[in-house]
Structure formats: C-alpha cells, structure tokens
Amino acid sequence: MANGNLLCDFCSAPGPAWRYPARSFIAYSAANIAGESVGDWAACEECHVLIEANDRPGLAQRSLDELIAKHPEAVMAAPALYQDLAGLHQKFFEFRCGSAALITTVAP
Ligand SMILES: [Zn+2]
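Quick note: the sequence shown uses this note's numbering, first residue 437, plus one each step.
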C-alpha cells in the first residue's frame, strides 16, 4: 500500500495524502493534461485544503502554477489551460461521491 508512486491528481505533487472517492468519467483531453478519470482522485495536503474550502479558483490556479513550473512553455497557453483545469475540476466536484480519506502507508 505504498503511495510513493501516486501523484496528486490536481497539481502532480508526489505522495498525496488524501483520496477522494469519485465516479469514473471521461474528461475531454486538453493539452495532454486530461483524459479518462477512473475512480478515486488523489490530493496532496495543499489541494485538499483548497478542495475543503471549495476554493475552486485557487485550486485551478495552483494546478496551473505547478503545470507551468514543469512545462514552462505552457505559459503561452496559460489562460486556456486555466479554463481547461477549472472545467476538469468542476467535473471532479460533480462526480465526487464521498468525503476525503487519508491515504495511510504505515499504521500509526
Ligand atoms: Zn496537489
């Protein structure tokens, strides 16, 4: 049950701590950042806080910032990417079907 290979589904941070149950859905593909969403979404601590606060603009902005940090050329398309990410996250909020659960790797 290691979560070392998991990435945050929102900002791609490694080792996300939270898991959101969600129904699978097909997201439209945009700049290779989206595709089919199958089941649960993983979220790191920072994204979890934004999700719990329902701070959708903050969540989209964070995802965009992280995407541009990894792919600096993406800054050219930043406004469109922001819309894509916000749209994808809106799907997440629609399809999530439960409360966040901690991903535990080691029993306390
Ligand atoms: Zn994250």
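Each residue gets a CB set at the ideal place from its N, CA and C atoms; glycine is no exception.
Here the structure is a predicted model, which means the values were calculated and not measured.
### Message
I'd like the list of long-range same chain contacts for Gly-475, defined as Cβ closer than 6 Å, with 5 residues on each side in sequence excluded.
### Response
By one-based count along the sequence shown, residue 475 stands at place 39. Answer for Gly-475: Ser-460, listed in chain order.
#### Entry: Near ligand 1: Phe-529 beta-carbon under 7 Å from a heavy atom
For the purposes of this step, residue 529 is identified with residue 93 of the sequence shown, where counting begins at 1. Incorrect: Phe-529 has no Cβ contact closer than 7 Å to ligand 1.
### Task
Note the first and the last residue of the continuous beta strand (DSSP E) segment covering Ala-478.
Here the question's residue 478 lines up with position 42 in the sequence shown. 477-479 is the span of the beta strand (DSSP E), which, as asked, contains Ala-478.
### Message
Restricting to Cα atoms, I'd like to know which of Gln-526, Phe-446 and Ala-513 is closest to Glu-481.
### Response
Here residue 481 refers to the residue found at position 45 of the sequence shown. Residue Phe-446 is the option with its Cα nearest to Glu-481.
#### Entry: Closer than 8 Å to chain C by CB, Asp-501
In summary, chain C is missing from the structure at hand, where a single protein chain is found.
### Boundaries of the alpha helix (DSSP H) in which Arg-498 is found, first to last residue
Mapped onto the sequence shown, residue 498 falls at position 62. Note, Arg-498: alpha helix (DSSP H), 492-506.
### Query
Is Trp-454 near Ala-489, with beta carbons less than 8 Å apart?
Here residue 454 refers to the residue found at position 18 when the sequence shown is read from its first residue. Here residue 489 refers to the residue found at position 53 when the sequence shown is read from its first residue. Result no, Cβ atoms of Trp-454 and Ala-489 do not sit closer than 8 Å.
#### Entry: Nearest-residue set for ligand 1, Cβ under 5 Å from any heavy atom
So the residues near ligand 1 by this Cβ test are Cys-444, Phe-446, Cys-447, Ala-449, Cys-480 and Cys-483.
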